[in-house]
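Trainee:
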Amino acid sequence: MGCVCRLAGDAYKGEGLAFLISFDIDGTLEFGDPPGGITVEMVRRAQQLGFLIGSCSDRFPSAQRALWEAREIKVDFVAAKHMLPDIRSRFDATKYLHIGDRELDQQLAQQAGFEFFWDHEGVAEPWLAWLETHAD
Amino acid sequence: MIPAHSSITSLRGAQLRKQSPVPNDLDRPFYDACNEDRLVLQHCGACNRFQFPPRAMCPRCGNPGLAWKQVTGRGRIQSRVVVYDSPVSTLIPDQPFNVATISLEEEPELTMLSHLPGVPVDKVPIGATVEVFFESTPATGQKVPEWKLVSHEAPQTPR
Amino acid sequence: MAIPIAPHAWHRNREGLGIWEGRGRVVATGVGTSPTARRWDEKPDTSMGALTIMAIRRAIEDAGIMPDEIDGIVLTPESTTGVSNDPNAPAPAGWDSVFKSVDYPQAGITRGDIDWILLNMPELKNVEFRMNGPVCMSVAFTTAAEAVSRGLTKTCLVVRGWHNLGGRYYVGQGAAALDTASGPAKYGSIWGMPACASTAMVFEEYCNKYGKSHDMMAPFIVEERRNGLMNPDGYYTQHRPEMMTVDDYLSGRWIAKPANIYDNDLPIQAALAVVFTTPELAAHHKLKPVYILNHAQTRPELQGAVPTLNEWERATDRMGRMLYEGAGIGPEDVSFENMYDGFTLFHQFHLEGLRFGSRGEKRGYALDLYQTDISIDGPNPVSPSGGNNGNGRTRWWNHRDCILQIQGRSPSQIKRPAEIGISGAHVPNFCDALVWAASAD
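Protein chains in written order, with this note's numbering: chain C, 12 to 147; chain G, 149 to 307; chain R, 1290 to 1730.
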């Protein structure tokens, strides 16, 4: 099964609640360099539960797509790390989250109006609690 | 030890928390003068040449007898970068911020650095005239030279 | 015993010296490259020292000679990385069971050391000439060229290793994490500039003066990556074989605008060794000898906090004139240039100083040249090695490729005949450069 990534310009307009998670790669995801604690399985689980998922990283966009394709995950977006504002404007979500391992990740997330978790906080998959909170 | 000062020049309403430089025997005259709101630089009499940062001798002729001389404190903005990813912890909260090179009136090849307080980020008027003032740094209060616009002439439009 | 560095008299740093006395009397033959890694995993077998030993053995084998024919070593001891480390830290556990140690505990880990190499390479039993070429491997190359030309060593290794420790880049570490700044770095560090900012400052001045833009760098960056991905010894080929597009480059986030993240090279672990010898001795080496026609040096004027465009143009103009004077050639004789590219934004200053690809222009033409065919297949092959941008951070891919190009075995071999090439590093006003040629004629 190939990976189809939504191209830039394909704005997502979901019905009901939508939660978006952006992952930094290096230092955050298990296939990053250095490897981080967020596993591919965690990402796949989030996607299966309906989260919009993708990466905002210093890896160039074509390389990010290749990394996700190699793991057979269809991401909703890839972008350079500083393009979080663009991601926010392209996707109409209830909550936006960026997960990273650097102060810069935190700073860029906050500037773009994203919530932020450190990579070591992300391994507990705190976003799953949002589903319970918004269940009603 | 200079008492710590709380006033720090603002940039876009945010304070740029520079590290406080620690003077040594070589550069103490420079930093002492900064605390007195004076800009002094080393001058090689043999080469008739100012230099900065301070060194033990003139790098051109090897003259160890460098004199400290006060300069006018006027210059022009020669170039600029906008720092988006600073290595310095105290400045990370303030990024992005401008850093400009200032070419001195007395010695156009001598460049000093500036955050150009009051100039919007990435709106630096290249070629504009500036003059020095002295800013306290938060950790020790040691003053350092900073530069403010005198006129907004911009013979080269920043891209 | 203290290892000496080249005496000042060996420097060719001014015009009017005429043809180099060593012209055509020094050749390069064997090249040995270690595997690359992104970071050290703290195992002795993958340390910078281990990679250095591997590179030396490969160079000797490549030359087709015996280790006991080596009678000299010139080494660049410094190895810089993006992570702060304690220079006096002890070696990790298990180190002493693999390597013999010298007094300095970080030898072979974060610093090269000739005594450490000789202690751990007993096959190098006839090394008598030892010299350091500090700061940059370019200095080691020019030092070794002088040493061989002066008869101080007949078959000399030129060596450099790079380390990269675990951890993330230097942001917010070591001295940068403090609220005070000491030492000579303080004059720059209190302004919070990352390492690429000085270069970006001069590049900005260049663009303003000549009406150019950062976007014009894209074809050069992409071509370098393409060239690097042809190199089986390069980091990206070995670990991240991803071709970069123009859009990828232009999407890079600013570090110090106008320098974006892809204008900065990636720290890696790797080592290189090259065999220098005389043309007479090279007759029994396995490979075609590559002649060194000249070398030259520039050093900073040290007048301000950062250099100016004028200083960089003066320095690189002077480098071009000195190289051509001492080699007895002109810009029209140069088949390719392999000048340093880490950071990418200063490569053009080197290139313009050589007048490479110029149609009569002296300055301000390089970014226009980048928009033409600068590939290895074209008339003006720019940085055919791929440099640091294409291979990962060292200061020797460019020098290495000059030798391989002229020997006809570069993985990114240029299409036009590779007769004369020039390589040099590192920054435009602190540069050692060499002219390499297929013959001394």
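Built from N, CA and C at the ideal position, the CB exists for glycine as well.
Quick one: complete beta strand (DSSP E) runs, 3+ long, within the region 1290-1322 of chain R?
Mentor: List check, beta strand (DSSP E) in window: 1316-1322.
Trainee: Here's the rule I'm using: 16 or more other beta-carbon atoms within 10 Å means buried, otherwise exposed. How should residue 1502/R be labelled?
Mentor: Within the third sequence, the letter at position 213 stands for residue 1502/R. Classification for residue 1502/R: exposed.
Trainee: Please confirm if the region 1681-1689 of chain R is in contact with the region 1706-1721 of chain R, defined as three or more CB-CB distances below 8 Å between the two stretches.
Mentor: Verdict: yes, contact present.
Trainee: Using a Cβ cut-off of 8 Å, which residues of the region 1546-1565 of chain R contact any Cβ in chain C, in chain order?
Mentor: Within the region 1546-1565 of chain R, the qualifying residues are 1550, 1551.
Trainee: Count Cβ pairs between the region 1429-1442 of chain R and the region 1352-1364 of chain R that sit closer than 8 Å; are there 3 or more?
Mentor: Contact between the region 1429-1442 of chain R and the region 1352-1364 of chain R is present, because at least three Cβ pairs lie under 8 Å.
Trainee: Among 249/G, 248/G, 254/G, 184/G, which one has its Cα closest to the Cα of residue 191/G?
Mentor: Counting from one through the second sequence, the residue named residue 191/G turns up at place 43. Nearest C-alpha to residue 191/G: 254/G.
Trainee: With H, G and I counted as helix, E and B as strand and the rest as coil, what does DSSP make of residue 204/C?
Mentor: This structure gives no information on residue 204/C, because the portion of chain C shown stretches from 12 to 147.
Trainee: Out of 1468/R, 1493/R, 1491/R, 1432/R, point me to the one whose CA is closest to residue 1481/R's CA.
Mentor: Here residue 1481/R refers to the residue found at position 192 of the third sequence. Comparing Cα positions, the closest option is 1468/R.
Trainee: Taking Cβ positions, are residue 1689/R and residue 1672/R nearer each other than 9 Å?
Mentor: Here residue 1689/R is taken as the residue at index 400 of the third sequence, counted from 1. Here residue 1672/R is taken as the residue at index 383 of the third sequence, counted from 1. It is not a contact, given that the beta carbons lie outside the stated cut-off.
Trainee: Looking only at its chain, what residues have a beta carbon closer than 8 Å to the beta carbon of residue 1399/R, apart from the 5 residues adjacent to it on each side?
Mentor: Start at 1 with the first residue of the third sequence, and residue 1399/R comes out as number 110. Excluding residues within five positions, the ones whose Cβ falls inside 8 Å are 1337, 1368, 1370, 1374, 1376, 1452, 1454.
Trainee: Mind checking if residue 114/C is an interface residue toward chain G, Cβ cutoff 9 Å exclusive?
Mentor: Sequence index remark: in the first sequence, residue 114/C carries index 103 (1-based). Yes, because at least one Cβ of chain G sits closer than 9 Å to the Cβ of residue 114/C.
Trainee: Starting from residue 1583/R, follow the beta strand (DSSP E) in both directions and report where the run begins and ends.
Mentor: Mapped onto the third sequence, residue 1583/R falls at position 294. Looking at the DSSP string, the run of the beta strand (DSSP E) that includes residue 1583/R is 1579-1587.
Trainee: Hey, would you say residue 1634/R sits closer than 9 Å to residue 1548/R, going by beta carbons?
Mentor: Taking the third sequence and counting its residues from 1, one reaches residue 1634/R at position 345. Taking the third sequence and counting its residues from 1, one reaches residue 1548/R at position 259. Cβ distance < 9 Å, so residue 1634/R and residue 1548/R count as in contact.
Trainee: Answer yes or no: do residue 1533/R and residue 73/C have a C-beta to C-beta separation smaller than 9 Å?
Mentor: Here the question's residue 1533/R lines up with position 244 in the third sequence. Here the question's residue 73/C lines up with position 62 in the first sequence. Going by C-beta atoms, residue 1533/R is nearer than 9 Å to residue 73/C.
Trainee: I'd like to know whether the C-beta of residue 281/G is nearer than 9 Å to at least one C-beta of chain C.
Mentor: Here residue 281/G is taken as the residue at index 133 of the second sequence, counted from 1. Taking Cβ atoms only, chain C never reaches closer than 9 Å to residue 281/G, which makes this a no.
Trainee: Is there at least one Cβ from chain C nearer than 9 Å to residue 243/G's Cβ?
Mentor: Locating residue 243/G in the second sequence gives position 95, where the first residue counts as 1. Output row for residue 243/G: interface = yes.
Trainee: Skipping 5 residues on each side, what residues in its chain have a beta carbon closer than 6 Å to that of residue 1357/R?
Mentor: Here the question's residue 1357/R lines up with position 68 in the third sequence. 1414, 1415, listed in sequence order.
Trainee: Please list the residues of the region 63-75 of chain C that have a C-beta atom closer than 9 Å to any C-beta atom in chain R, keeping them in chain order.
Mentor: Cβ contacts with chain R come from 69, 70, 71, 72, 73, 74.
Trainee: Rounding to the nearest angstrom, what Cα-Cα distance links residue 169/G and residue 228/G in this structure?
Mentor: As a working mapping, residue 169/G is identified with position 21 in the second sequence. As a working mapping, residue 228/G is identified with position 80 in the second sequence. About 22 Å.
Trainee: Is DSSP giving residue 1572/R helix, strand or coil here?
Mentor: Here residue 1572/R refers to the residue found at position 283 when the third sequence is read from its first residue. Coil at residue 1572/R, not helix or strand.
Trainee: Buried or exposed, going by whether 16 or more other CB atoms sit within 10 Å of the CB of residue 1573/R?
Mentor: As a position in the third sequence, residue 1573/R is number 284, starting the count at 1. Its Cβ having fewer than 16 others within 10 Å, residue 1573/R is exposed.
Trainee: For residue 1693/R, count neighbouring Cβ atoms within 10 angstroms of its own Cβ and tell me buried if that reaches 16, exposed if not.
Mentor: As a first step, residue 1693/R must be located in the third sequence, where it is residue number 404. Residue 1693/R should be labelled buried.
Trainee: Measuring straight from C-alpha to C-alpha, what distance separates residue 1326/R and residue 1558/R?
Mentor: Against the third sequence, residue 1326/R aligns to sequence position 37. Against the third sequence, residue 1558/R aligns to sequence position 269. Cα-Cα distance, rounded: 5 Å.
Trainee: Would residue 1699/R be called buried (16 or more neighbouring beta carbons within 10 Å of its own) or exposed?
Mentor: As a position in the third sequence, residue 1699/R is number 410, starting the count at 1. With 16 or more Cβ atoms within 10 Å of its Cβ, residue 1699/R is classed as buried.
Trainee: Report yes or no: do three or more beta-carbon pairs, one from the region 124-142 of chain C and one from the region 96-115 of chain C, lie closer than 8 Å?
Mentor: Yes: the two stretches touch, three or more of their Cβ pairs being nearer than 8 Å.
Trainee: Might you give, ordered along the chain, the residues of its own chain that have their beta carbon closer than 8 Å to the beta carbon of residue 1494/R, omitting 5 neighbours on each side?
Mentor: Your numbering for residue 1494/R matches position 205 in the third sequence. If we look at residue 1494/R and ignore the five residues flanking it on each side, its Cβ neighbours are 1597, 1598.
Trainee: Quick one: what's residue 131/C bridged to in DSSP?
Mentor: Here the question's residue 131/C lines up with position 120 in the first sequence. None, per the DSSP bridge assignment.
Trainee: Looking only at C-alpha atoms, which of 267/G, 249/G, 234/G, 173/G sits nearest to residue 115/C?
Mentor: Residue mapping note: residue 115/C aligns to position 104 of the first sequence, counting from 1. Residue 115/C has its Cα closest to that of 234/G, out of 267/G, 249/G, 234/G, 173/G.
Trainee: Pick from 1310/R, 1472/R, 1591/R: whose alpha carbon is nearest that of residue 172/G?
Mentor: As a working mapping, residue 172/G is identified with position 24 in the second sequence. It is 1472/R.
Trainee: Below 8 Å on C-beta distance, what does residue 1475/R contact in chain G?
Mentor: Taking the third sequence and counting its residues from 1, the one referred to as residue 1475/R is at position 186. 167, 169, 170, listed in chain order.
Trainee: Alpha carbon to alpha carbon, how far is residue 215/G from residue 295/G? Give it in angstroms, no decimals.
Mentor: Stepping through the second sequence from its first residue, residue 295/G is reached at position 147. Stepping through the second sequence from its first residue, residue 215/G is reached at position 67. Those two C-alpha atoms are separated by around 24 Å.
Trainee: Since residue 1721/R is in the beta strand (DSSP E), which residue starts that stretch and which ends it?
Mentor: As a first step, residue 1721/R must be located in the third sequence, where it is residue number 432. From DSSP, the beta strand (DSSP E) with residue 1721/R extends over 1719-1726.
Trainee: Strictly under 9 Å for the Cβ-Cβ distance: is residue 1460/R near chain D by that measure?
Mentor: As a matter of chain content, chain D is missing from the structure shown, whose protein chains are C, G and R.
Trainee: Please tell me whether residue 149/G has its Cβ less than 9 Å away from any Cβ of chain R.
Mentor: As a working note, residue 149/G is residue 1 in the second sequence. Its pLDDT being 36, under 50, residue 149/G is placed unreliably by the model, and the measurement read from it follows with that caveat. So, not an interface residue.
Trainee: Report the partner residues of residue 1482/R according to the DSSP bridge assignment.
Mentor: Counted from its first residue, the third sequence places residue 1482/R at position 193. In the DSSP output, where bridge partners are listed per residue, residue 1482/R has none listed.
Trainee: List the whole-angstrom C-beta distance separating residue 1553/R from residue 1496/R, where the pair is believed to meet the contact cut-off of C-beta under 8 Å.
Mentor: As a working mapping, residue 1553/R is identified with position 264 in the third sequence. As a working mapping, residue 1496/R is identified with position 207 in the third sequence. In fact, because the Cβ distance is near 18 Å, the residues do not count as touching under 8 Å.
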